[in-house]
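Below is one structure, written out as structure tokens, with a few remarks after it.
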Amino acid sequence: MRDVLLVRYGEVFLKGANRPYFLRMLTENVRKAVKPVGGHVWLSDARIYVSDFADLQDCIARVTRVFGVHSVSPAVEMEKDLDAISAVCIRMMQGYSGTFKVFARRSDKSFPMNSMEIGQEIGGRVLESNPNLKVDVHKPQHRLNVEIRDNAYVCVEEVPAVGGMPMGTGGKAALLLSGGIDSPVAGFQLMKRGVRCCAIHFQSPPYTGELARDKVMTLAKELSAYCGGMRVYLVPFTKCQLEIHEKCPEGLGTLITRRFMMRIAERLARQYGAQALITGESLGQVASQTMEALVCTDAVVGMPVFRPLIGMDKTEIMAVAEKIGTYETSILPYEDCCTVFTPRHPVTKPKLDTMPDAEKRLDVEALVSEAVENTEVEYVE
Amino acid sequence: MAYLDNSATTRVCPEAVEAMVRCMREGFYNPSGVYRPAVDAFREVRACREAVLQAVHGEDCELIFTSGGTEANNLAIMGAVARMRGRQVLAVSAVEHPSVREAFEALRADGHDVRVIGVTQAGELRWDELARALDDGASLVSCMQVNNETGAIADLDRLRRMTEGRALLHVDGVQGFLRVPFSMRQADMYTLSGHKIHAPKGIGALVVRRGVRLAPRQIGGGQESGMRSGTENTPGIAGLGAAVRAMRARGGVAAELMAKKLRLVAAFREAVPETLVNGPAPEDGAPHIVNLSFPGVRGETMLHALEAAGVYASTGSACSSKKRKVSSVLLAMGLTPDRAECALRFSLCPDTSEAEIDEAARALGEAYGALRRFQRR
Numbered sequence: 006m007r008d009v010l011l012v013r014y015g016e017v018f019l020k021g022a023n024r025p026y027f028l029r030m031l032t033e034n035v036r037k038a039v040k041p042v043g044g045h046v047w048l049s050d051a052r053i054y055v056s057d058f059a060d061l062q063d064c065i066a067r068v069t070r071v072f073g074v075h076s077v078s079p080a081v082e083m084e085k086d087l088d089a090i091s092a093v094c095i096r097m098m099q100g101y102s103g104t105f106k107v108f109a110r111r112s113d114k115s116f117p118m119n120s121m122e123i124g125q126e127i128g129g130r131v132l133e134s135n136p137n138l139k140v141d142v143h144k145p146q147h148r149l150n151v152e153i154r155d156n157a158y159v160c161v162e163e164v165p166a167v168g169g170m171p172m173g174t175g176g177k178a179a180l181l182l183s184g185g186i187d188s189p190v191a192g193f194q195l196m197k198r199g200v201r202c203c204a205i206h207f208q209s210p211p212y213t214g215e216l217a218r219d220k221v222m223t224l225a226k227e228l229s230a231y232c233g234g235m236r237v238y239l240v241p242f243t244k245c246q247l248e249i250h251e252k253c254p255e256g257l258g259t260l261i262t263r264r265f266m267m268r269i270a271e272r273l274a275r276q277y278g279a280q281a282l283i284t285g286e287s288l289g290q291v292a293s294q295t296m297e298a299l300v301c302t303d304a305v306v307g308m309p310v311f312r313p314l315i316g317m318d319k320t321e322i323m324a325v326a327e328k329i330g331t332y333e334t335s336i337l338p339y340e341d342c343c344t345v346f347t348p349r350h351p352v353t354k355p356k357l358d359t360m361p362d363a364e365k366r367l368d369v370e371a372l373v374s375e376a377v378e379n380t381e382v383e384y385v386e
Numbered sequence: 119m120a121y122l123d124n125s126a127t128t129r130v131c132p133e134a135v136e137a138m139v140r141c142m143r144e145g146f147y148n149p150s151g152v153y154r155p156a157v158d159a160f161r162e163v164r165a166c167r168e169a170v171l172q173a174v175h176g177e178d179c180e181l182i183f184t185s186g187g188t189e190a191n192n193l194a195i196m197g198a199v200a201r202m203r204g205r206q207v208l209a210v211s212a213v214e215h216p217s218v219r220e221a222f223e224a225l226r227a228d229g230h231d232v233r234v235i236g237v238t239q240a241g242e243l244r245w246d247e248l249a250r251a252l253d254d255g256a257s258l259v260s261c262m263q264v265n266n267e268t269g270a271i272a273d274l275d276r277l278r279r280m281t282e283g284r285a286l287l288h289v290d291g292v293q294g295f296l297r298v299p300f301s302m303r304q305a306d307m308y309t310l311s312g313h314k315i316h317a318p319k320g321i322g323a324l325v326v327r328r329g330v331r332l333a334p335r336q337i338g339g340g341q342e343s344g345m346r347s348g349t350e351n352t353p354g355i356a357g358l359g360a361a362v363r364a365m366r367a368r369g370g371v372a373a374e375l376m377a378k379k380l381r382l383v384a385a386f387r388e389a390v391p392e393t394l395v396n397g398p399a400p401e402d403g404a405p406h407i408v409n410l411s412f413p414g415v416r417g418e419t420m421l422h423a424l425e426a427a428g429v430y431a432s433t434g435s436a437c438s439s440k441k442r443k444v445s446s447v448l449l450a451m452g453l454t455p456d457r458a459e460c461a462l463r464f465s466l467c468p469d470t471s472e473a474e475i476d477e478a479a480r481a482l483g484e485a486y487g488a489l490r491r492f493q494r495r
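Protein chains in written order, with the numbering used here: chain A, 6 to 386; chain B, 119 to 495.
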């Protein structure tokens, strides 16, 4: 008899011929997640199991953050003996009161009782041992699961997990990570769909300092708790900003800055092998995020730009940021590159055909390549 | 590299390191013990206490070792008022360190009548406001000896004359200790901090004239005559004692620092003729602190530009520089927000070299030339 963690997966179930691939990725990701606590992970009978972990709570916390996992349950694994199973069930239900139901399942058809009989027998014994419990087969408060497979498994508690698709099954994308509240949430949303991300951050020394860099690396580290680690590209952006400030119409400054970010990000994304960019833009949040402005920024990119927050309100975004644990870092007050040269009156409805003229005094290619060449790369996990 | 942020903290001197290592390796015993090595540890603490008391001419005073300046300031202010009966009138200057300012704010929230005494552009107290507070029965006055952001020196003799026999006088000497002359005849309570004078962080002290009644802020085993319970930080105390002795043995520190500071101001003015001095004239302020504005370039931007050249300074007090707002001290002194936003503090120590100052001036000139073109609209 030993303690194991029973891991259920969600959407992967819906896959057809691809299911083995998704399951292999998911099992591997669970294995990586529990490695620091020394767990043994295996896949069997439509479940992933973890055993031999040092600390149950730590193991649960790690596994519930693995994308593709629907929920986990601390369970007891034992031989297929009715008395032994009943004893564990009675012990497990000791602290509970209210209504319960036994959910029995039998994939080993050589076991002498069928699922109905197992449920009735164990339910009866539990009921006898704990006077605070009643049976309710329709809407039970507690679900006591008994599964007869190659071993017997018993569990009652179920901890919801993050859901989504296994990391790595959704392709690669590059996340523009500013240090604000939105971009880490945008990254999280796509990671959740199995997308492996790198982060791209623009630095503007001496207008921004070491603390701003530290903040963005901390955010990347916080996201790594979900994706297992990520590459961070740190782009020196001051020269682009100063040139834009000097040579472009003031009202279009932020928009042109965004266009440069996109151009640089696309080059770096291709280096990384990514097929798309991810930004934290939300429609109408600021002048550079109006529909007209997004048209102007998208025009310089030759790959899809995913904007998972486009239809969310700030308060909704903040709620996700708090849930995933990036909010407190995001609100640290260090200046980032976006706030340095904010125009007094930014144009909110820019026209795409005016862009070439607005940028005509800039050597776009030289500025972009110089920034890409001087980009630093770090890895966080 | 040019380290010009010695008011934030200083490098620990070799004498202090050696004393601390010895204390941790060999003299690690608990000074409350009654066997020989423990008594030796007690003697070491006593010797350090005496060394610090001598340095402030306070041989007949008591000294409470604390974790640093903040704790000493809290203990002096909250501890003194806790011993007074009823609602008090209290006076504090408008340019104090947050560890003093917040202590008075907490007392105000408790219902005490806290009077904030303004300052002039040179950082001098508005004496008429102080006189009014004293006439209204102020029982505690707190004023810093040397302002941490501008280097303005308080006229403690005048303060003492005004408060003598009327109110307790607390002086926060964190930035003044050993660099500006001081004697315990000038105050009832005096705060000092180790890491500003080449001792380690985590050690400071409150010197208290005998007869001043304080209530402890931390209770327990009764160490430090019951004023600050908790096993003594003997390595920190050993480091503080050694640093004080080393600094005093050096002698003439103030004159040496002042010469360096004047050189710095001259070199910076040559590099950037637009340089403005905030606070007292350089020759009037403390010998190791000067606050300068370089018009048109935000202090934070200049700080990072200097940093890239290996020159380290700060925008105001390190304790508030992460909060990204204009210095309330400079605003209280009547500076415009624009000018305060462009302010940087440079602070020296006896080890600052002329080469460092020249290097900084060169970096400043180059950075200013490059940054002035790009002003925020």
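Glycine included, C-beta positions come from ideal geometry on N, C-alpha and C. Small disclaimer: the values here were computed from a predicted structure and weren't measured.
Nonlocal neighbours in the same chain, by C-beta distance under 8 Å from residue i, ignoring five residues either side
{"i": "A:Gln-208", "result": "Ala-217, Arg-218, Leu-239, Val-240, Pro-241, Phe-242, Thr-243 and Cys-342"}
{"i": "A:Gly-103", "result": "Asn-137, Leu-138, Lys-139, Gln-146 and His-147"}
{"i": "B:Ser-439", "result": "Low local confidence applies: a pLDDT of 45 at B:Ser-439 is under 50, so the model's placement there is unreliable, with the coordinate-based value given in what follows. Around B:Ser-439: Ser-432 and Thr-433."}
is_contact[residue i, chain A] using C-beta, thresh 8 Å
{"i": "B:Phe-492", "result": "yes"}
{"i": "B:His-422", "result": "yes"}
{"i": "B:Thr-419", "result": "yes"}
{"i": "B:Ala-473", "result": "no"}
{"i": "B:Ala-426", "result": "yes"}
{"i": "B:Cys-437", "result": "In this predicted model, B:Cys-437 has a pLDDT of only 45, less than 50, meaning its place in the structure is not dependable; the value taken from the coordinates is given anyway. Output row for B:Cys-437: interface = no."}
Cβ neighbours of residue i in the same chain (closer than 6 Å, five flanking residues each side left out)
{"i": "A:Cys-253", "result": "Ile-261 and Ala-363"}
{"i": "B:Val-264", "result": "Ile-271, Gln-293, Gly-294, Val-298 and Ala-404"}
{"i": "B:Ala-80", "result": "Past the boundaries of the shown model lies residue 80 of chain B; chain B is included only from 119 to 495, so the question cannot be answered."}
Helix, strand or coil at residue i [DSSP, three-state]
{"i": "A:Val-42", "result": "helix"}
{"i": "A:Ile-269", "result": "helix"}
{"i": "B:Ala-478", "result": "helix"}
{"i": "A:Lys-139", "result": "strand"}
{"i": "A:Cys-160", "result": "strand"}
{"i": "B:Ala-194", "result": "helix"}
{"i": "A:Ser-188", "result": "helix"}
{"i": "B:Met-262", "result": "strand"}
{"i": "A:Ile-53", "result": "strand"}
{"i": "B:His-422", "result": "helix"}
{"i": "A:Glu-152", "result": "strand"}
{"i": "B:Asp-246", "result": "helix"}
Spatial neighbours of residue i in its chain, beta-carbon cut-off 7 Å, leaving aside the 5 residues before and after
{"i": "A:Pro-309", "result": "Ala-281"}
{"i": "B:Met-302", "result": "Val-174, His-175, Gly-176, Cys-179, Tyr-308, Val-325 and Arg-327"}
{"i": "A:Gln-194", "result": "Pro-313"}
{"i": "B:Thr-128", "result": "His-313, Lys-314, Ile-315, His-316 and Cys-467"}
Rounded distance between the beta-carbons of residue j and residue i, thought under 8 Å
{"i": "A:Cys-202", "j": "A:Cys-232", "result": "6 Å"}
{"i": "B:Glu-350", "j": "B:Val-163", "result": "6 Å"}
{"i": "B:Ala-209", "j": "B:Val-289", "result": "Not a contact, Cβ separation roughly 13 Å."}
{"i": "A:Gly-256", "j": "A:His-250", "result": "Between A:His-250 and A:Gly-256 the Cβ distance is about 12 Å, and since that is not below 8 Å, they are no contact."}
{"i": "B:Arg-581", "j": "B:Val-207", "result": "With chain B covering 119 to 495 only, the question about residue 581 of chain B has no answer from this structure."}
{"i": "A:Pro-74", "j": "A:Val-68", "result": "One detail in the question is off: residue 74 of chain A reads as Val in this sequence, not Pro. Contact flag correct, Cβ pair sits at about 6 Å."}
Range of the contiguous beta strand (DSSP E) that encloses residue i
{"i": "B:Cys-131", "result": "Element bounds for B:Cys-131: n/a, residue is neither H nor E."}
{"i": "B:Ala-209", "result": "207–211"}
{"i": "B:Phe-183", "result": "180–184"}
{"i": "A:Gly-103", "result": "103–111"}
Neighbour flag for residue i against chain B, beta carbons, 8 Å
{"i": "A:Leu-372", "result": "no"}
{"i": "A:Leu-260", "result": "no"}
{"i": "A:His-206", "result": "no"}
{"i": "A:Pro-351", "result": "no"}
{"i": "A:Leu-367", "result": "no"}
{"i": "A:Gly-214", "result": "yes"}
{"i": "A:Pro-211", "result": "yes"}
{"i": "A:Leu-273", "result": "no"}
{"i": "A:Leu-247", "result": "yes"}
Enclosing alpha helix (DSSP H) for residue i [first to last residue]
{"i": "A:Ala-225", "result": "215–232"}
{"i": "B:Ala-450", "result": "446–450"}
{"i": "A:Gly-248", "result": "Strictly speaking, residue 248 of chain A in this sequence is Glu, with Gly absent from that position. Counting along the chain, the alpha helix (DSSP H) containing A:Glu-248 begins and ends at 243–252."}
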